[in-house]
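In the numbering used here, the protein residues as written are 214 to 409.
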C-alpha cells in the first residue's frame, strides 16, 4: 500500500502535535510553564466535544483527526497533572468571565444539535479560551516556554495543508479550527512567550 501525500502530511502534523504536548508537559513538570486553569479546563471540555464534531466534519477520516486526538490527549494529561499537583495559576476575574462565556457557548452548541454549527461555535470558545493565557503573559502573571506553542503552530499549519490537498473531500468548515485555534491562538501564545 502506497501512502498518499495527505496521509504523510497528517502523520507529520501528528508528530508535531505529540512533540508540542510532550515538551509542554516536560516544561510544566520542571516549572518552566504555569498553565492558566480557565484556558486548560475550557480546552479539556471543549476539546473532547471538538474532537467528536471534527471527526464528523472530516467524514470519519481518522488520519485528518489524528493530530487533534493527540492534542486532546495532551490536554487531558496537562489538566489532570496540574490539578493534582497544584500547578495551575490563580484565576482572575477575566479568566472567570472567559470560562463562563465559553460554557454558555458550549450550552448553546448542545441545544443546536447540528455538528457543523456546533463545530463553528466551539471555535469561538477556543478563541475566547486563549484570552486568559495571553492576558496573563502580557501582564507577566504567568509564563510559558515558546517551543511547544511554535510546534503547535507548525502542526496546525500541516493540518491546513492536508485539508487543502484533499479539498474534494473537505469543506471550508474544516479549516476554521486549525486557522483560529491552531495558528491564531497558539501563535499569540508563542509570540507573547517570546517577547517576555
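Think of the CB as a built atom: it goes at the ideal place given N, C-alpha and C, for glycine as much as any other residue.
May I have the straight-line CA-CA distance separating residue 389 from residue 366, to the nearest angstrom?
14 Å
Spatial distance of residue 345 from residue 354 (CA atoms)
10 Å
What runs of the alpha helix (DSSP H), each 4 residues or longer, lie entirely inside the stretch 323–383?
328–351, 359–378
The alpha helix (DSSP H) spanning residue 280 covers which residue range?
Membership of residue 280 in the alpha helix (DSSP H) is indicated by the continuous run 275–298.
Cβ-based neighbour list, residue 349, same chain, cut-off 7 Å, excluding 5 preceding and 5 following
Closer than 7 Å at Cβ, skipping near neighbours: 249, 302, 355.
Beta-carbon proximity of residue 340 to residue 397, cut-off 9 Å
A contact, by the Cβ cut-off of 9 Å.
Going by DSSP in three states, residue 229 sits in which element: helix, strand or coil?
helix
Measuring straight from C-alpha to C-alpha, what distance separates residue 230 and residue 393?
16 Å
Quick check: the Cα distance between residue 377 and residue 228, rounded to an integer number of angstroms?
19 Å
Let me check understanding here. Comparing Cα to Cα, which of 335, 294, 318 lies closest to residue 260?
Considering only alpha carbons, the answer is 335.
When the Cβ atoms of the stretch 294–310 are set against those of the stretch 235–252, are three or more pairs found closer than 8 Å?
yes
C-alpha distance - residue 254 paired with residue 299, whole-angstrom precision
Taking the straight line from one Cα to the other gives about 14 Å.
Check whether the Cβ atoms of residue 372 and residue 281 lie closer than 9 Å to each other.
yes
Measure the CB-CB distance between residue 369 and residue 278 and report whether it falls below 9 Å.
no
Answer with buried or exposed for residue 381, where buried requires no fewer than 16 other C-beta atoms within 10 angstroms of its C-beta.
exposed
Is the beta carbon of residue 266 less than 9 Å from the beta carbon of residue 315?
no
Of the residues 239, 319, 317, 375, the one placed nearest residue 360, counting alpha carbons only:
239
Could you tell me if residue 408 is buried or exposed, where buried requires 16 or more neighbouring beta carbons within 10 angstroms of its beta carbon?
exposed
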